[in-house]
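Remarks on the structure that follows.
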Amino acid sequence: MHNRISGIFVALFGIALLFFVIPYQTEAVDYGWLKPATLPSIAAVIITLSGILHAVCPRGRIEFRLSSALRALLFFCIGILGLCMMTINYMMAAPILMLVLMWVIGERRWKWLFTGIALLPACIWFCIDFLLKRPLP
Amino acid sequence: MIDTHTILTGFADALTLHNLFFVWFGIIVGQLVGAIPGIGPVMAMAIAIPFTFTLNPLPAIGFLMGVSKGGLVGGAIPAILMNTPGTPDAAATTLDGYPMTKKGKPEKATKIALYSSVTGDAFSDIILITVAPFIAVVALKMGPIEIFALMVFAFSIIAGLVGDSMAKGIVSAGLGLLCATVGLDPENSTPRFIFGYFELYDGIPLVSMALGMLAVAEILRRMARIRGTIKSAIVIPKAQKKADRGVSFVEFWACKYTILRGSVIGTILGAIPGLDSSAASFLSYATAKQASADPKSFGKGNIHGVAATESANSAVAGANLIPLLTLGIPGNLAAALIISALMIHGIQPGPLLFQEQGQLIYGLFGTLLMANVLNLVSGLLGLRLWARVIQAPESIIFPAALLLCMTGVYLATGGLFGVAVMFVFALLGYLMSSFGYSVIVFVIAFFLGERFELSLSQSLNIIDGDLTILLSHPVALLLFILAIVSAIWFGLKSKGKPE
Amino acid sequence: MKQLLSIVVLACIMVLPSLGHSQEWSPKGSITLQIGFGAGGSTDIMGRLVAAKIEENTGWNVVVENKPGGGGIAMFSSLMREKADGQTLGLGVSMPIFLNLASRGDKIPFNIDTFDYLATIMRGEIGMVAKADAPYNTLEELIAYGKKQKGGIAVAFDAKPQQLVLEPVAKNAGVKFKFVKHKSGAEQVQSLLGGHVDIACTAGEHVKYIESGDLKMIASMSKDRQACSPDSKTLIENGFELYLEPYFYIAAPKGLPENVKATLAKAFDEAINSETVKNSLLNSMQANAYNLGPEGTYTMMSQGAVDIKALVKAAKTQ
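Residue numbers (this note's numbering), protein chains in the order written: chain A, 3 to 139; chain B, 375 to 873; chain C, 7 to 324.
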């Protein structure tokens, strides 16, 4: 069932590309052999057709479990928040990101928490900012 | 030609303690940055170039070559141990390397990776030293039409990697191709799919895509899987038999054809400017799988799978120097960086290089051979270190890997935009692999896509509607026929064995 | 009394220069030089060379940052929003900026007047080159040869403006050019040596091959003839009022205070004209350091933008 849904979804994505995204996100040129939209359109057609084919006769394994996907999404969101904090200051964001990630995973041992939260960001700062003189965000 | 005196003084230059120190230092740096997800050897070289201003040319280039060679060995380590390639070149190594780790044989897997990597590298270096000028002339004959034919052939070979559902494999390839078209189009330089982000003019940053799809998606998956007790990131069974820890000569010898094939593929693709080393490792992997008596064991921890990819991607490194030293044309990004380093030292890579700088070139050749030995030695020492590091609890390994990916992509792409792109691809990679769409096929289609479209545009313009021109390109015609044959062959094979 | 006066005068003499000095601005903290291209490329190396020399000359701290994307568009789009205090500067190349402003200016958030200009570092010299054994040596011979070829002449190029300049040449001369896009000058040379194209338009990459006798120059696409092949005529000498001169230049957000601008321009001029930078540019890019100064750079930028706009317009109306 998941297979069929994914096939339908892929086919819809291909159609959306073909009719909505490609015309608006490419420029028309009036000369030359390979137009900017040519290859993307071919790819979109291939995606659509294969998606339909897959929805009609689905094959292959699926390893999708909602519970672990939601948990992965949680870590994804933590990562994004870390990224947002980095736009302000890297040296503030990195330890907080590490703390939250490690805490949510369930790490409570001080030794490892200290390594991840203090030692690692300090090490990165030392190598990149101090030794190599490349600015961190 | 060059007299023996120049050759001997060149080699003597290479064998000084001073030079040895810088090459070794380069290799250690390379293995380290290669093994840390997010920071690759190309970036390390780009950062290191200004620091080589002060050195003499030979140690400077030796150092950079050391970083490049060490990086190829280092990149395989996290690919095998954590399923997260340290560099895009090592993407294919995850296919069989990580299953070997899951079987409890991480040490065996990393050692065969090291041995095949060094063997492939040495092979291409020897080809470089002996027949470079000849190969370079042949490689020049590979024009846009031939490259396009080669791309088509590569796509047909990769059809052998799609796995249990052809439709899903084609969707992956289509998506990879589509993502490769983001940015300026090759013929008219008009922006496509940039959605207002000027950063996308140059296309989706390769490191963002590769690390997002391959590394971050896997890191998220692994972090989500930790429930309750926290284990080591990998557990090597304590009471493991010695045979499972190392690689015996018999086992290595059993891989001789695989490694030789990988080395040849890597050398050929490396000598043709503009192709990428990851293409070589995928091609080598796909052909090794097809040549194997037991293709089904690939992807489940076959030692040949690791040997095939690592020999090929390392062979590219030496072969890239063939067009660089003989013609002054860089084959890939690492080679382009070597060119800029040479130029900073006032050396013009180009047709006159061998005549003007014979001694330096042979010094460089000596350095390359020395670097191979050093790579093996420090690789063996380094593997012990990484095997220890990776036994730290997974609660620190995966968050640290994520932070390093973010930092590395920030540095490589010059901004947080690249990091955001990496997260987008992490999401895509997670969904694709959950629903059984091959991430590897996506990645390789992306790698090949840009060159595919460019060479298609070039070929169409050269042919200009006159198909008789094709008749004067026998190599291209041969490749097209081979592509059709292999596509049919793979098609039959996959039909013959329904799952 | 006289003594007192002389003391006052002396004091004034001593104070005045220091007054002048205090107006001569020095940066607070480090200056960031943003480069619109990736690490390791020729623009990056150029920027780092100049930055290192400025640090050495002035004692300031100059941090180099790579902001690649769209041939500098990404970098300049963010540079325009920085404070105009001289602490953040950008290094770009003129041609891709001109081309994007001309062909899709409405989508680009800046124009030439959005920035203050400090200096140019060098000028790229583009040449139309062919393999040494090609049956033509000059543009006239190439055109004569092209008229005899049924399929036309395959021309390699790596940037749109080159095509824009050569299209009117082909049209006026009545020959057919098949334009084959390449990724870089090195790849053009590769195609040329392999015999896959007939001529190529390279920016400096040709010099060492002309010296070695593998390639020859058909025409210089700069305003002047080039040092590596002084006998090759320019397009203008051949009767086509066309030329291309990509400049590498330094810009800052609009509205720099006069003293800041003057101090920075002086620092850049000293660095660009130093022996180390000159020699390194000659070695790595086969080009001479060439600083137009703040006014000269602004004139060049405004004029170049107008010229390229005209070319783009001409190509569209064809």
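All C-beta atoms in this analysis are idealised placements derived from N, C-alpha and C, irrespective of residue type, glycine included.
Closer than 8 Å to chain A by CB, residue i
i: Glu824/B; result: no
i: Glu71/C; result: yes
i: Arg762/B; result: no
i: Ala861/B; result: no
Beta-carbon contacts of residue i that lie in its chain and below 6 Å, excluding the five residues immediately before and after
i: Pro473/B; result: Lys674 and Gly675
i: Ala850/B; result: Ile519, Glu520 and Ala523
i: Lys113/A; result: none
i: Ala554/B; result: Phe820, Gly823 and Glu824
i: Gly26/C; result: With a pLDDT of 43 at Gly26/C, under the threshold of 50, the modelled position of that residue is not reliable, and the figure given next carries that caveat. There are no such residues.
Beta carbon proximity, residue i to chain B, threshold 8 Å
i: Ala83/A; result: The sequence shown places Leu at residue 83/A, not Ala. Output row for Leu83/A: interface = no.
i: Phe78/A; result: yes
i: Leu14/A; result: no
i: Phe128/A; result: no
i: Phe104/C; result: no
i: Ser286/C; result: yes
i: Phe121/C; result: no
i: Ser218/C; result: yes
i: Ile51/C; result: yes
Alpha carbon of residue i to alpha carbon of residue j, nearest angstrom
i: Ala160/C; j: Gly460/B; result: 42 Å
i: Gly602/B; j: Ile107/A; result: 9 Å
i: Ser442/B; j: Pro141/C; result: 42 Å
i: Arg110/A; j: Ile770/B; result: 11 Å
i: Leu486/B; j: Val621/B; result: A small fix is needed here, since residue 486/B is Ile in this sequence, not Leu. Between Ile486/B and Val621/B, the C-alpha separation is close to 6 Å.
i: Glu211/C; j: Ile718/B; result: 15 Å
i: Ile501/B; j: Ser100/C; result: 42 Å
i: Leu711/B; j: Val58/A; result: 50 Å
i: Glu247/C; j: Gln309/C; result: 15 Å
i: Cys629/B; j: Phe623/B; result: 10 Å
i: Asn694/B; j: Ser32/C; result: 46 Å
i: Lys153/C; j: Leu830/B; result: 27 Å
i: Glu61/C; j: Leu76/A; result: 46 Å
i: Val195/C; j: Glu481/B; result: 46 Å
i: Gly414/B; j: Ala691/B; result: 14 Å
i: Phe816/B; j: Leu122/A; result: 33 Å
Limits of the beta strand (DSSP E) - the one that residue i falls within
i: Ile205/C; result: Ile205 to Ala209
i: Trp136/C; result: Note on residue identity: the sequence assigns Ala, not Trp, to residue 136/C. Start and end: Ile132 to Lys137.
i: Gln325/C; result: Nothing about residue 325/C can be reported from this structure: the residues present for chain C run from 7 to 324 only.
i: Ile224/C; result: Leu221 to Ser226
i: Ile127/C; result: Phe121 to Arg129
Within chain A, the residues that residue i reaches when beta carbons sit closer than 9 Å
i: Glu561/B; result: Val31, Gly34, Trp35, Leu36, Lys37 and Pro38
i: Arg566/B; result: Ile24, Gln27, Thr28, Glu29, Pro38, Ala39 and Pro42
i: Ala689/B; result: Residues of chain A passing the Cβ test: none, with the nearest at roughly 30 Å.
Minimum Cβ-Cβ distance from residue i to chain C less than 8 Å
i: Met25/A; result: Reading off the sequence, residue 25/A comes out as Pro, not Met. False, the Cβ-Cβ gap to chain C never drops below 8 Å.
i: Ser498/B; result: no
i: Gln731/B; result: no
i: Gly408/B; result: no
Residue i: contacting residues in chain B (beta-carbon distance under 9 Å)
i: Ser48/C; result: Ser714 and Met717
i: Asn289/C; result: Met717, Ile718, His719, Gly720, Ile721 and Gln722
Residues near residue i in its chain [Cβ-Cβ closer than 8 Å; skip 5 each side]
i: Tyr631/B; result: Ala665
i: Lys184/C; result: Gly157, Gly158, Ile159, Ala160 and Val161
Under 7 Å from the C-beta of residue i: neighbouring residues of chain C
i: Pro424/B; result: Arg54
i: Pro97/A; result: Those within 7 Å of Pro97/A in chain C number zero; the least Cβ separation is about 23 Å.
Chain A residues whose Cβ lies nearer than 8 Å to that of residue i
i: Ala533/B; result: In chain order: nothing, as chain A lies at least about 13 Å away.
i: Phe569/B; result: Gln27
Contact list for residue i against chain A, beta-carbon separation under 7 Å
i: Asn835/B; result: Trp35
Chain C residues whose Cβ lies nearer than 8 Å to that of residue i
i: Phe572/B; result: Gly75, Gly76, Ile79, Ala80 and Ser83
i: Ile703/B; result: Ala192, Glu193, Val195 and Gln196
Within chain C, the residues that residue i reaches when beta carbons sit closer than 9 Å
i: Pro139/A; result: None at all; the shortest Cβ gap to chain C is about 11 Å.
Residues near residue i in its chain [Cβ-Cβ closer than 7 Å; skip 5 each side]
i: Ala861/B; result: Ser530 and Ala533
i: Leu101/A; result: Ile119
i: Ser28/C; result: Annotation note: pLDDT 44 at Ser28/C (below 50); position unreliable, no value reported.
Neighbour list for residue i in chain B, Cβ cutoff strictly below 7 Å
i: Ala209/C; result: Those do not exist, as Ala209/C stays about 14 Å from chain B at its closest Cβ, beyond 7 Å.
Limits of the unbroken alpha helix (DSSP H) element including residue i
i: Arg596/B; result: Ala591 to Arg599
7 Å Cβ cut-off: residues of chain E touching residue i
i: Ala794/B; result: No chain E is part of this structure, whose protein chains are labelled A, B and C.
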